[in-house]
Structure formats: structure tokens, C-alpha cells
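Trainee: So that you can map any letter, position 352 of the sequence shown is 479 in the working numbering, and since no number is skipped, the others follow by simple counting. Just so it is clear, CB atoms sit at the ideal spot from N, CA and C, and this is done for glycine as well. One structure, pasted below without further comment.
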Amino acid sequence: MAAKMKYLAGIDAGTTGVTVMIADTHGHVIGTGYREYPCRFPHPGWVEQDMELMWQRICEASREALAKTGVNPQEIAALGFSSQRGTFVLVDKEIKPLADSIVWSCGRATEELKWIKENLGADRYHDITGVPLSGLWSYAKIKWVIDHRPALFEKCHKILNGQEFFLHKFGSEDISSDPASITLNGMMDIARLDWSKELCSLINLPIEKLPPMKTPARQVGVISRNASQESGFAEGMPICFGAGDQQCAAVGAGVIREGLAEITIGTAMVMVAHIDSRKKDPKHRVLIGGSGIPNKWDMEGLAFATGVCLRWWRDTYGQMEKQAAAALGMDTYDLIGAQAASAPPGCKGYLFFPFFTGQVTPHYADQARGGSIGLSLIHDRAMMARSIMEGGAYENRMIVEAMEEVIGRPFDSIRLSGGGAKS
């Protein structure tokens with residue numbers, strides 16, 4: 128007799144780590160697994176990741192979640208998957224990486240951005256895609272690969288986001304994408320919710336190298352024998368394409384009508400708002416993209432380094448907090464958060480600028496960098512930690528104000544998710 132299906136599994140492969148979650152069929156989380164993985168910085172401003180190492184960490188986190196819950200893998204009905212967006216990897220016909228992935232925060236495409244602006248124009252680009260022209264999107268970086276790594280590009284069979292690559296590792300033979308996953312690729316025809324033929328033609332990108340577009344939230348295969356042995360999930364279990372990580376978070380937070388928005392605070396801070404119809408921002412500040420709800424749109428604002436800045440603080444200056452947290456059996460971030468809570472609002476005039484990887488919404492200043500002002504002898508560690516959090520909050524205020532101008536009214540509700548929501 129087949130086991131009764133009592134549980135669901137979900138995986139979110141983010142930029143700095145992967146979370147594997149097991150829940151019952153009522154949505155109650157009964158256990159999680161987590162593993163960090165690094166980014167690589169081969170040149171100033173470049174950011175890459177080892178996809179095979181990330182796969183190892185995904186499997187480790189999966190086994191951890193299963194071990195913590197004690198769940199029989201045969202009782203898990205299906206696995207859903209989401210991943211970071213705007214990070215892409217070139218693969219061969221065997222769907223094996225030809226090089227490390229180029230991460231969404233990578234800033235290598237400055238000259239390519241200038242070329243696109245000169246040969247297409249920011250207004251035309253925005254009309255096609257619904258997003259402001261920026262070198263942070265995959266589009267300019269793919270042109271960089273075409274121009275600077277022609278032999279690599281010639282070998283490339285497909286250009287995949289993480290979600291497609293890792294689902295294939297789990298056993299999917301359906302190598303496809305969806306409109307809710309590719310906003311940050313910066314090459315979608317927003318009216319058609321499909322790849323833009325005009326943009327592909329402009330940079331000599333054969334559209335066949337991109338995965339075909341389908342709808343989000345669909346089954347794409349079952350767990351293979353090899354993936355079962357590596358991850359611990361049951362062979363033959365259905366695996367499902369979710370959507371972009373932030374689109375999944377928004378739907379999960381109940382953002383399904385205009386007037387509602389959700390902010391995820393993780394590596395980046397991302398705000399997603401549902402819109403009832405496709406809108407335009409004449410000032411080119413916010414992003415219009417595909418929603419996690421099929422055939423619908425959403426509006427986004429991005430702050431790329433909110434969580435990274437706090438991790439930088441932890442790893443660069445937080446050795447004392449790490450040691451104290453270990454002795455107390457606490458998470459280091461919880462201890463840093465407690466310190467920050469003890470500092471006064473405004474940090475006595477100390478202001479932190481969290482633009483470590485550029486400023487995104489609403490100014491799209493790729494070359495902007497972080498900094499601080501107002502530091503004096505009255506400031507201490509607690510105020511410095513708090514200023515990092517406040518800097519992220521101030522940056523997100525710019526996003527909220529831009530979005531409310533586009534929809535013409537204040538939001539009814541803004542909901543929080545992600546690790547930063549615990550603070």
C-alpha cells in the first residue's frame with residue numbers, strides 16, 4: 128500500500144544560502160534545513176558562484192530537514208522550488224555548467240550597458256521590458272559573455288537561471304522558464320510575457336539558447352534515482368517549478384490584489400506589489416514584471432545589499448559577537464539585533480549608506496558604493512550595527528514612495544518576510 132501523503136517540501140536557493148522547508152498539508156512548518164555557500168569575486172565588482180557546490184549544499188540542507196523532522200520521505204507529496212533571479216549559468220547539451228554562474232549583483236557589464244543605451248535607448252528598452260535600463264540585469268551581462276567569451280558562448284547550449292538548472296539536477300527533463308522568474312533577466316517582452324525577439328536580435332543572441340516560456344507553479348518531473356541518493360527525497364516524488372523567489376514570497380504572504388505589498392529582507396531587500404493591470408512608470412524607477420499568479424503582473428523595487436551589509440559587518444567586525452553567541456547558544460544575528468535595539472533611533476546622527484553593490488530602485492546607479500557619515504567619539508558598536516539596519520530601511524522608503532506614486536495611492540498593507548523580518 129502506498130504511503131499516505133502528509134507533507135510538502137519547499138526549497139529556496141538564495142544568494143548566500145539555501146533553505147529547505149517541510150510542512151504539513153495545512154501549511155504548518157515542521158522542520159527546516161539550511162546551508163550557506165559562498166560567492167566568488169574574481170575581479171573587483173564581479174560576482175560568481177559554483178553551481179555544483181550549491182547543489183551539494185542543497186542536498187545537505189535537504190538531508191538536514193528530513194533528519195530534523197523524522198518524516199518518511201515516502202509521505203512527502205511533492206517538492207516545490209524557487210531560486211534567486213538574475214543569476215545565470217551557461218550549460219552544454221548535457222546541462223553541465225561551462226563556467227561559474229554570473230550572479231545578479233555582478234557589475235562587469237558597464238561598457239555593455241553604454242552600448243545598449245546608445246544602440247537602443249533607455250526609453251525603448253523600458254517600453255519593451257517594463258524595467259529601467261541597468262547593467263545589473265542579465266541582458267547586459269549576456270552581451271558581455273558574447274563579446275568577451277565568444278568561444279564559451281559558442282559552446283553554450285542554454286542559458287539557465289538557477290531554478291531550471293537545479294530542477295534538472297533533481298530529475299526534471301522540462302528545461303523551461305516562466306514570466307515570474309525572469310524580471311531580473313531584463314529581456315522579457317512585458318506585454319507578451321515572453322522573451323523579447325527585438326532584444327535578442329540586438330545583441331546577436333539566438334533565442335534558442337534561452338529556455339522556452341511556460342506558466343509558473345507546474346510539475347516538471349519526478350525525483351531521479353541519483354537525486355534521491357544525494358538529497359534523501361524519495362525517488363519518483365513530483366518536483367514542481369515554483370516562480371521567482373520574491374514572487375513566491377509575495378503570493379505566500381497573500382499579496383494577491385492591488386494595494387497589498389510584501390518586503391523580503393534577505394541578502395537583498397525586495398518589495399513586491401500586486402497590480403491589477405500592467406502599468407508604466409514614466410520616471411523609470413520601479414520594475415513591472417510577471418506575477419507568481421499566472422498571466423498577471425507585479426511591481427518591484429530592489430535594494431541589492433541590505434542583508435549583505437549586515438553579513439559583512441558580522442564577518443568583518445563581529446568576531447566578538449560570534450564568540451558570545453556561540454557561548455550563549457544564540458544566533459549571531461540575534462545578538463547583533465539585540466545590540467542594535469539598545470541603540471537610540473537615528474544613532475545620534477550616524478548614517479550608513481548600504482550601496483555595496485550599487486543603488487538600484489529608484490536611481491539605478493550601478494557605480495554607487497557604500498559609506499557612512501556622522502561618525503564621532505560618541506558612537507559605539509551598537510549604534511554602528513543599528514545604523515546598518517536603518518540605512519536599509521531608509522533605502523526601502525524610497526522604494527515605497529516610488530511605488531505609491533505609480534499606483535496613485537498609499538498601500539493598504541505591507542507585509543514582511545525573510546530572515547530580516549525576525550529582527
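For residue 331, is the classification buried or exposed, using 16 other Cβ atoms within 10 angstroms of its Cβ as the cut-off for buried?
Mentor: What you label residue 331 is simply residue 204 of the sequence shown in a count that begins at 1. By the neighbour-count rule (16 or more Cβ atoms within 10 Å), residue 331 is not buried but exposed.
Trainee: Using 10 angstroms around the beta-carbon of residue 134, count the other beta-carbons present and answer buried if the total reaches 16, otherwise exposed.
Mentor: Looking up residue 134 in the sequence shown gives position 7. So residue 134 counts as buried.
Trainee: Please return the same chain residues whose Cβ sits closer than 6 Å to the Cβ of residue 506, not counting the five positions on each side in sequence.
Mentor: Residue numbering aside, residue 506 sits at position 379 when the sequence shown is read from its first letter. Here the set comprises 477.
Trainee: Where in the segment 273-318 do unbroken runs of the alpha helix (DSSP H), each at least 4 residues long, occur, reported from the N-terminal end onward?
Mentor: List check, alpha helix (DSSP H) in window: 277-282 and 289-297.
Trainee: Which residue's Cα is closest to the Cα of residue 534: 407, 482, 453 and 493?
Mentor: Mapped onto the sequence shown, residue 534 falls at position 407. For the residues 407, 482, 453 and 493, the minimum Cα distance to residue 534 belongs to 407.
Trainee: Runs of 3 residues minimum, wholly inside the segment 369-412: which ones carry the beta strand (DSSP E) assignment?
Mentor: 387-392 and 396-402
Trainee: Is the segment 383-395 touching the segment 322-336 in the sense that three or more CB pairs, one from each, lie closer than 8 Å?
Mentor: no
Trainee: When the Cβ atoms of the segment 216-236 are set against those of the segment 255-272, are three or more pairs found closer than 8 Å?
Mentor: By the Cβ test, the segment 216-236 is in contact with the segment 255-272, since at least three Cβ pairs between them sit closer than 8 Å.
Trainee: Using alpha carbons as the reference points, say which of 203, 175, 131 and 341 lies closest to residue 158.
Mentor: Translated into the one-based positions of the sequence shown, residue 158 becomes position 31. Among 203, 175, 131 and 341, the Cα nearest to that of residue 158 is on 203.
Trainee: From 240, 354, 347 and 275, pick the residue whose C-alpha is nearest to that of residue 261; which is it?
Mentor: Sequence index remark: in the sequence shown, residue 261 carries index 134 (1-based). Distance from the Cα of residue 261 is smallest, within the candidate group 240, 354, 347 and 275, for 240.
Trainee: To which residues of the same chain is residue 417 closer than 6 Å at the C-beta, ignoring the five residues directly before and after it?
Mentor: Position 290 of the sequence shown holds residue 417. Answer for residue 417: 306, 307 and 320, listed in chain order.
Trainee: DSSP three-state call for residue 190: helix, strand or coil?
Mentor: Along the sequence shown, one-based indexing puts residue 190 at 63. Reduced to three states, the DSSP call for residue 190 is helix.
Trainee: With residue 446 as the anchor, note down where its alpha helix (DSSP H) starts and where it stops.
Mentor: For this step, residue 446 is matched to residue 319 along the sequence shown. Here the alpha helix (DSSP H) through residue 446 covers 446-455.
Trainee: Run through the segment 169-229 for me and flag every whole alpha helix (DSSP H) of 4 or more residues, listed as ranges in chain order.
Mentor: 178-196
Trainee: Applying the criterion that 16 or more other CB atoms from any shown protein chain within 10 Å of the CB defines a buried residue, is residue 128 buried or exposed?
Mentor: Counting from one through the sequence shown, the residue named residue 128 turns up at place 1. Legend: pLDDT at residue 128 = 40, less than 50; position of this residue unreliable, value from coordinates given subsequently. The residue in question, residue 128, is exposed, as its Cβ has fewer than 16 Cβ neighbours within 10 Å.
Trainee: Can you tell me the Cα-Cα spacing of residue 278 and residue 285, whole angstroms?
Mentor: Start at 1 with the first residue of the sequence shown, and residue 278 comes out as number 151. Start at 1 with the first residue of the sequence shown, and residue 285 comes out as number 158. If you take the alpha carbons of residue 278 and residue 285, they lie about 14 Å apart.
Trainee: Excluding sequence positions up to five away, which residues of its chain have a Cβ less than 6 Å from the Cβ of residue 249?
Mentor: What you label residue 249 is simply residue 122 of the sequence shown in a count that begins at 1. Only 260 meet the Cβ criterion.
Trainee: What is the rounded straight-line gap between the Cα of residue 440 and the Cα of residue 479?
Mentor: Within the sequence shown, the letter at position 313 stands for residue 440. Within the sequence shown, the letter at position 352 stands for residue 479. Straight-line Cα distance between these residues: approximately 12 Å.
Trainee: By Cβ distance below 8 Å, which residues in the same chain neighbour residue 436 in space, the five residues on each side in sequence not counted?
Mentor: As a working note, residue 436 is residue 309 in the sequence shown. Closer than 8 Å at Cβ, skipping near neighbours: 479, 481, 483, 497, 515, 518 and 519.
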